[in-house]
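According to the numbering used here, the residues represented by the sequence shown are 40 to 484, in order.
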Amino acid sequence: MADEQMEQLATAAWLYGYPLVTAGVTKDVMTAVAARDDERRKAPVNQFCYMRRAPDAAFTEVVSPNADTLYSSAWLDLSTEPLVLSLPDFGDRYWMVPILNAWSDVVGAPGSRQHGAAAGPFLLAGPTWSGRAPQGMTLLRSTTVINWIIARYATAGPSDFAAVHALQDATRLTPLSQWTGNPEEYTPPSDVTVADGVDAVTAPVGQVHGLSGRAYFTRLNRLLVDNPPNSADAAFLERVAPLGIAPGARLGDQPEDVLTALGAAAASGPETLRGFKSQAEAPGQQVNGWTVHRGLGDYGTNYPKRAMVTWLGYGANLDVDALYPHATNDADGRPLDGAHRYVLHFEAGQTPPVRGFWSLTMMNDRQLFADNPLDRYAIGDRSGMRTNPDGSLDIHVQHDNPGPGHEDNWLPAPKGSFNVFLRLYWPDEAALGGTWTPPPLNRVG
40 MADEQMEQLA TAAWLYGYPL VTAGVTKDVM TAVAARDDER RKAPVNQFCY
90 MRRAPDAAFT EVVSPNADTL YSSAWLDLST EPLVLSLPDF GDRYWMVPIL
140 NAWSDVVGAP GSRQHGAAAG PFLLAGPTWS GRAPQGMTLL RSTTVINWII
190 ARYATAGPSD FAAVHALQDA TRLTPLSQWT GNPEEYTPPS DVTVADGVDA
240 VTAPVGQVHG LSGRAYFTRL NRLLVDNPPN SADAAFLERV APLGIAPGAR
290 LGDQPEDVLT ALGAAAASGP ETLRGFKSQA EAPGQQVNGW TVHRGLGDYG
340 TNYPKRAMVT WLGYGANLDV DALYPHATND ADGRPLDGAH RYVLHFEAGQ
390 TPPVRGFWSL TMMNDRQLFA DNPLDRYAIG DRSGMRTNPD GSLDIHVQHD
440 NPGPGHEDNW LPAPKGSFNV FLRLYWPDEA ALGGTWTPPP LNRVG
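(1) Skipping 5 residues on each side, what residues in its chain have a beta carbon closer than 6 Å to that of residue 262?
(2) Where does residue 216 land, buried or exposed, given buried means 16+ other C-beta within 10 angstroms?
(3) Go through the stretch 390–439 residue by residue and report every complete run of the alpha helix (DSSP H) that reaches 4 residues or more, in order.
(4) How many Å lie between residue 432 and residue 361 at the Cα?
(5) Where do the N-terminal and C-terminal ends of the alpha helix (DSSP H) with residue 255 fall, by residue?
(6) According to DSSP, is residue 281 part of a helix, a strand, or is it coil?
(7) Could you spell out where the alpha helix (DSSP H) holding residue 67 opens and where it closes?
(8) Kindly give me the distance between the Cβ atoms of residue 226 and residue 126, rounded to whole angstroms, as I take these residues to be in contact under 8 Å.
(9) Since residue 365 sits in a beta bridge, which residues does DSSP pair it with?
(10) Using only the alpha-carbon positions, how far apart do residue 288 and residue 279 sit?
(11) Contact between the stretch 191–211 and the stretch 99–110: three or more CB pairs below 8 Å?
(12) By the 10 Å Cβ neighbour count, where 16 or more other Cβ atoms means buried, how is residue 66 classified, buried or exposed?
(13) Taking residue 309 as the reference, give the member of 384, 251, 214 with the closest Cα.
(14) Is the separation between the beta-carbon of residue 266 and that of residue 185 shorter than 7 Å?
(15) Measure the C-alpha to C-alpha separation of residue 257 and residue 347 and round it to an integer number of angstroms.
(16) Pick helix, strand or coil for residue 342, following the three-state DSSP scheme.
(17) Taking residue 243 as part of the beta strand (DSSP E), name the residues at either end of that continuous run.
(18) For residue 114, which three-state DSSP category applies?
(19) Which residues in the same chain have their Cβ closer than 6 Å to the Cβ of residue 61, if we skip the five residues on either side of it in sequence?
(20) Compare the beta carbon distance of residue 304 and residue 377 with 7 Å and say whether it is the shorter of the two.
(21) Kindly list the residues whose CB is nearer than 8 Å to the CB of residue 296, restricted to its own chain and excluding five residues on each side of it in sequence; keep chain order.
(22) How many Å lie between residue 139 and residue 444 at the Cα?
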């Protein structure tokens, strides 16, 4: 195999393994600092941690975070036994508890759309468990041992947090062997085992992008053992097997030219992702300057897309649960920058059509929240914005305060490059079918 062909194949393998390696690193980071403080912002494996406040500009654990909901997050290890997921009655509040496997595919999504106010209990089982779910439980089986639950509870802001905290506390995980029918009877173990050598400071994406070829693919091979690939991946894995990429394989047995190709693929991986992002957001694929990524949460064999979404918005939901129109350019194709002022104008009756809620979220050039004097990172249908006399709505997107009369409708931008997401939770058919599209983001100064 020629060196160039080998490097191309190694790059394809890097993209293929990106979500699995990211899941492994993220799980390690999120559990390494699992000190049992009052807020439970981190927790050991198989226990929920709670985001008691919305993320702010200091939050770096996950890219493209969400400021519209409070989270309960849990990293699962289903290698020993299944877990029982029990949930409260949510009343008329929008809620969603998606479960993602280690490849970032959604394997279950209990929530308002499917269940209304209440559901469960659910039995979460891994790929090798062969038992039967107890009577009254709904079995949700994952194809991998590592899984991530990202429970979301809609909130109207700090005055509403106490009510959400009660729902978080009633969202519980119990090992099947400890299940009595009353989840409050189980007390999770308080001891926390921190793995050696885990970097609990650097954001997971930064750690993944900094791995050498040997470190990246060694980790991938190790993770493949308990987190098997999908059956549709068989042909691809056969192609990359000569590079030493297989469950449990040792890279030390590979010749030097293979190791060189793997190293080059890892070194160029982040730039490869940026290239796919640019292609996905080419002008010809945009509507009014927005790119609407479809088919999220269930990627099949589209490995580059799966890797790109893991990088930009790890934990993306199925289309029927959420759509994320994304803009990096204005209506005229110019990159968004805090040196300029923009307006997003919705005609009367043309705000995003949803049965859940919608928001416009600001991201800096690292796909994190941008610090601003209002601590406002998103604005939407629950933000108390003022409509115009004709019923239309203007959102002011800019770095400087737009002044009296406009601040309620201001989404602060950083000084430099930025991008924005529209988040549509439980979108209506008009959005899913494309008869409604976001209006352009117009530069006004």
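A virtual CB, placed ideally from N, CA and C, is assigned to each residue, including glycine.
By the coordinates alone:
(1) If we look at residue 262 and ignore the five residues flanking it on each side, its Cβ neighbours are 59, 63.
(2) Looking at its Cβ environment, which holds fewer than 16 other Cβ atoms inside 10 Å, residue 216 is exposed.
(3) Entirely contained in the stretch 390–439, not one alpha helix (DSSP H) run reaches 4 residues.
(4) 22 Å
(5) 252–265
(6) Correct three-state label for residue 281: helix.
(7) 42–71
(8) Not confirmed; about 19 Å, so no contact.
(9) By DSSP's assignment, residue 365 forms a beta bridge with 330, 460.
(10) 12 Å
(11) yes
(12) buried
(13) 251
(14) The Cβ-Cβ distance between residue 266 and residue 185 falls below 7 Å.
(15) 21 Å
(16) helix
(17) Careful: residue 243 lies outside any beta strand (DSSP E), inside the alpha helix (DSSP H) at 243–248.
(18) strand
(19) Counting only Cβ-Cβ distances below 6 Å, and skipping sequence neighbours, we find 247, 349.
(20) no
(21) 42, 45
(22) Using only the alpha carbons, I get a separation of about 43 Å.
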